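Asks: I have a structure I would like to understand better, so I am pasting it below and will then ask my questions one at a time.
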Amino acid sequence: MEMEDQMESQKRRGMSKEDLISERTGSLGACGWIIVILAGLFTVLLFPITIWFCLKIVQEYERAVIFRLGRITDRKPKGPGIFFVLPCTDSFVKVDLRTISFDIPPQEILTKDSVTVSVDGVVYFRVSDPIASVANVSNADFSTRLLAQTTLRNVLGTKNLAEVLSDREGIAHSMQSNLDEATDNWGIKVERVEIKDVKLPVQLQRAMAAEAEAAREARAKVIAAEGEMNASRALKEASLVIAESPSALQLRYLQTLNTIAAEKNSTIIFPLPMDVISHFMRK
């Protein structure tokens with residue numbers, strides 16, 4: 001018996017989605033056909049009245065999955081527009097094909113490097129197979145919302161804090177592929193996933209701010225030291241040039257006087273060469 005169950009399960013795995021639907025929409029049986037025929041006769045006999053119960057309308061963005069005596073009547077959903085159902089034997093479920101978006105509630109997640117963060121996001125999905133969304137899952141919308149929360153936790157649990165803060169696009173693509181694969185049997189197509197916000201604890205924010213400030217101060221000191229080194233090299237080269245040409249020092253004196261005069265100061269400084277003073281000191 002167990003071997004037969006295993007063979008049956010393997011057979012179902014090898015069947016395509018169309019084959020599963022065809023198996024689900026099997027024959028109604030003799031009793032079922034009798035009931036359907038009686039319902040049809042009843043509809044014809046009471047035609048003016050039953051016409052209002054037989055004609056149904058769905059919008060352009062909707063599809064109708066019809067059940068006849070509990071079985072899906074066709075491989076394809078009905079709509080958009082007018083379609084016909086039999087009273088007493090047929091029932092239908094409307095499925096909205098428009099893209100639906102929902103917010104993932106903030107999730108408290110422990111990252112790979114043991115940091116607790118609060119992350120939320122948004123998911124966009126739509127129904128790609130109305131029959132599968134009705135027959136394979138009780139509530140496709142609610143199930144997708146719960147699965148999105150679990151997937152967010154599972155994906156971010158394998159990332160460290162730096163990856164969570166910097167690689168949001170990669171995390172979103174990973175979540176989308178995981179969700180799309182898990183919801184394929186439900187007839188759901190996940191179109192887009194986005195990470196909205198990552199909230200860090202206040203103490204961690206202060207620590208990161210202090211670390212960034214210290215790093216900036218260290219870079220500023222290095223830049224200032226490099227500037228002083230470059231200035232000292234330039235001064236050394238200038239002193240070598242002045243030493244080679246004594247007249248260059250006199251030109252520098254005149255340039256300094258010009259700079260002082262341009263500022264309109266009341267005090268005038270006149271540089272006196274040391275050679276002239278030494279000549280008077282000898283006398």
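The UniProt record's numbering applies: residue 1 is where the sequence shown begins, and numbers increase by one.
From the three backbone atoms N, C-alpha and C, an ideal C-beta is built for every residue, glycine too.
Note that this is a predicted model, so its numbers are computed, not measured.
Okay, do the segment 197-204 and the segment 132-144 touch, 3+ Cβ pairs below 8 angstroms being the bar?
Replies: The answer is no - the segment 132-144 does not touch the segment 197-204, with fewer than three Cβ pairs under 8 angstroms.
Asks: Please give the ranges of any alpha helix (DSSP H) in the UniProt domain "Band 7" (53-212), keeping only runs that are unbroken, at least 4 residues long and fully inside the region.
Replies: Runs of the alpha helix (DSSP H) inside the UniProt domain "Band 7" (53-212): 130-135, 140-156, 161-166 and 168-182.
Asks: Measuring CA to CA, which of Val134, Glu163 and Gln255 is closest to Ser91?
Replies: Selected option, being the one with the closest Cα: Val134.
Asks: Taking the CB atoms as reference points, tell me whether Val198 and Met175 lie closer together than 8 angstroms.
Replies: Not in contact: Val198 and Met175 (Cβ atoms no closer than 8 angstroms).
Asks: At what residues does the alpha helix (DSSP H) containing Leu45 begin and finish?
Replies: Here the alpha helix (DSSP H) through Leu45 covers Gly29 to Leu45.
Asks: Which residues in the same chain as Glu60 place their Cβ atom closer than 8 angstroms to its Cβ, once the five residues preceding and following it in sequence are excluded?
Replies: Correct list, in chain order: Pro80.
Asks: Give me, in chain order, the residues of the same chain whose beta-carbon lies closer than 6 angstroms to that of Asp184; leave out the 5 immediate sequence neighbours on both sides.
Replies: Closer than 6 angstroms at Cβ, skipping near neighbours: no residue.
Asks: Assuming the contact rule is C-beta atoms closer than 8 angstroms, Pro130 and Pro77 should be a hit. Round their C-beta distance to whole Å, please.
Replies: With 8 angstroms as the limit, Pro130 and Pro77 qualify as a contact, their Cβ atoms being about 4 angstroms apart.
Asks: Have a look at Lys112 and Pro106 and give me their C-alpha separation to the nearest angstrom.
Replies: Computed Cα separation, rounded: 18 angstroms.
Asks: I need the straight-line Cα distance from Val115 to Gln149, nearest angstrom please.
Replies: The alpha-carbon atoms of Val115 and Gln149 are separated by roughly 19 angstroms.
Asks: Let me know if Gly70 comes out buried or exposed under the rule of 16 or more other beta-carbons within 10 Å of its beta-carbon.
Replies: Per the 10 Å Cβ criterion, exposed.
Asks: When the Cα atoms are used, what is the spatial distance from Val151 to Val58?
Replies: Sequence check: residue 151 is Thr here, not Val. Answer to the nearest angstrom: the Cα atoms are 34 angstroms apart.
Asks: If we call anything under 8 angstroms between Cβ atoms a contact, is Glu108 one with Ser101?
Replies: Their beta carbons are not under 8 angstroms apart, which means Glu108 does not touch Ser101 by this criterion.
Asks: Considering only residues of the same chain and omitting the five flanking positions on each side of Arg216, which have a CB-CB separation below 6 angstroms?
Replies: Cβ within range, chain order: n/a, list empty.
Asks: What number of angstroms, rounded off, separates the C-alpha of Arg126 from the C-alpha of Trp186?
Replies: Roughly 11 angstroms separates the two Cα atoms.
Asks: Going along the chain, which residues of its own chain have a beta-carbon closer than 7 angstroms to the beta-carbon of Lys94, five neighbours each way excluded?
Replies: Around Lys94: Val58, Glu62 and Ala64.
Asks: Lys159: buried (16+ other C-beta within 10 angstroms of its C-beta) or exposed?
Replies: Looking at its Cβ environment, which holds 16 or more other Cβ atoms inside 10 Å, Lys159 is buried.
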